[in-house]
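K.L.:
Numbering (our numbering), first residue to last: 3 to 344.
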């Protein structure tokens with residue numbers, strides 16, 4: 003995991019959680035990363051919100067972890083569905099058949115408590131299906147097959163790295179998702195995108211504009227509050243809040259919504275503990291800070307990468323193991339989940 007549009011076009015992309023009408027807005031402005039400055043503490047909302055912020059961690063779709071259910075998640079993000087390489091066939095992590103019985107059994111157990119599952123497509127590694135499929139109809143069918151295998155009506159598209167800068171696959175994905183939503187009127191779509199303390203970059207904004215142009219209904223924009231770069235060495239909790247504040251301003255323009263509705267159309271995902279950028283460590287205190295902020299603003303859900311890392315490392319663990327199997331910080335098993343769940 004790791005353009006100007008008129009008012010009519012702006013109304014084509016609607017948050018499922020919003021109720022405000024559409025108004026004309028200028029297009030999103032470019033954001034570039036200047037030298038970092040210490041983020042200021044975001045102001046409290048003008049009025050308290052009654053919205054409940056859900057906790058929805060990323061989990062392995064294929065391998066169970068003792069910490070999956072910590073914090074009693076209301077939803078799980080199943081990571082990840084990608085292509086095995088050059089074909090338009092969806093597979094879990096690019097290797098396991100989408101209809102594998104063991105995955106179906108795992109999904110049944112995860113949802114046994116009443117939690118829902120969201121299928122996450124893409125991620126930081128492998129080939130996202132939009133880069134492997136030749137047509138929007140074939141891509142929509144591939145996405146649909148994965149959703150059916152998990153029995154899910156929620157699709158998350160984690161688009162980062164080369165996939166985010168590939169204009170061709172961005173457009174094809176938008177067309178395919180629009181087709182899929184015509185076939186499945188209740189399909190809830192979220193985009194998971196990288197963010198900086200200055201907000202979404204031009205590629206992230208272009209992806210949202212493409213979705214808008216194709217009439218995709220987006221429920222949530224999930225911000226990856228992590229991996230800012232080696233020049234960002236201050237508090238990770240403060241950076242997460244600053245990123246959310248900056249992106250909130252952008253999303254109000256993109257979607258033409260009210261202040262409150264833009265918050266309700268946002269999610270925040272942090273990489274717990276040691277991050278894969280030198281000097282970045284997201285602590286339990288940071289998690290509590292993000293949770294409190296999300297509740298104040300009425301943010302839709304908070305998440306983390308990943309449930310299977312929510313435990314202390316063995317004394318002889320390597321840095322690589324901290325990034326894949328444990329947090330790399332002192333903690334009790336499941337402590338980050340409890341902090342994010344509030």
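Note that beta-carbon positions come from the ideal geometry of N, C-alpha and C, so glycine has one too.
Need the endpoints of the beta strand (DSSP E) that residue 194 sits in, please.
P.N.:
Locating residue 194 in the chain shown gives position 192, where the first residue counts as 1. 190-196 is the extent of the beta strand (DSSP E) around residue 194.
K.L.:
For residue 78, report the span of its beta strand (DSSP E) as first-last.
P.N.:
Here residue 78 corresponds to residue number 76 of the chain shown, with the count starting at 1. Note, residue 78: beta strand (DSSP E), 77-85.
K.L.:
If you reduce the DSSP assignment to three classes, tell me which class residue 55 lands in.
P.N.:
Here residue 55 is taken as the residue at index 53 of the chain shown, counted from 1. Coil at residue 55, not helix or strand.
K.L.:
DSSP beta-bridge partners for residue 269?
P.N.:
Numbered from 1 along the chain shown, position 267 holds the residue referred to as residue 269. DSSP lists 224 and 303 as partners of residue 269.
K.L.:
Measuring from the CB of residue 127, is there a heavy atom of the ligand ZN at a distance below 8 Å?
P.N.:
The ligand ZN is absent from the structure shown, which contains no ligands of any kind.
K.L.:
Distance check for residue 243 and residue 318, CA to CA, integer angstroms please.
P.N.:
Your numbering for residue 318 matches position 316 in the chain shown. Your numbering for residue 243 matches position 241 in the chain shown. Whole-angstrom Cα-Cα distance: 34 Å.
K.L.:
Name the one or two DSSP bridge partners that residue 123 has.
P.N.:
By 1-based counting over the chain shown, the position of residue 123 is 121. DSSP lists 83 and 159 as partners of residue 123.
K.L.:
Please name the residue, chosen from 126, 88, 78 and 95, that lies closest to residue 120 on a Cα-to-Cα basis.
P.N.:
Numbered from 1 along the chain shown, position 118 holds the residue referred to as residue 120. The candidate whose alpha carbon is nearest that of residue 120 is 78.
K.L.:
Taking all protein chains shown into account, decide if residue 347 is buried (16 or more other Cβ within 10 angstroms of its Cβ) or exposed.
P.N.:
Lying outside 3 to 344, the shown extent of the chain, residue 347 is not represented and no answer is given.
K.L.:
With DSSP as the reference, label residue 366 as helix, strand or coil.
P.N.:
The question about residue 366 has no answer here: the residues shown for the chain are numbered 3 through 344.
K.L.:
Who are the Cβ neighbours of residue 199 in its own chain at under 6 Å, not counting the five residues just before and after it?
P.N.:
As a first step, residue 199 is located in the chain shown; it is residue number 197 there, counting from the start. 41, 241, 244 and 245, listed in sequence order.
K.L.:
The beta strand (DSSP E) that contains residue 61, what's its start and end?
P.N.:
Working through the chain shown from its first residue, we reach residue 61 at position 59. 60-62 is the span of the beta strand (DSSP E), which, as asked, contains residue 61.
K.L.:
Count the CB pairs spanning the segment 72-86 and the segment 316-330 that are closer than 8 Å, and state whether there are at least three.
P.N.:
At 8 Å Cβ cutoff, the stretches do not touch.
K.L.:
Mind checking which residues open and close the beta strand (DSSP E) that includes residue 175?
P.N.:
By 1-based counting over the chain shown, the position of residue 175 is 173. Not the beta strand (DSSP E): residue 175 falls in the alpha helix (DSSP H), residues 169-185.
K.L.:
When you compare the CB positions of residue 310 and residue 301, do they come within less than 9 Å of one another, or not?
P.N.:
For this step, residue 310 is matched to residue 308 along the chain shown. For this step, residue 301 is matched to residue 299 along the chain shown. It is not a contact, given that the beta carbons lie outside the stated cut-off.
K.L.:
How far does the beta strand (DSSP E) with residue 93 in it reach, from first residue to last?
P.N.:
Translated into the one-based positions of the chain shown, residue 93 becomes position 91. Where residue 93 is concerned, the enclosing beta strand (DSSP E) stretches over 92-94.
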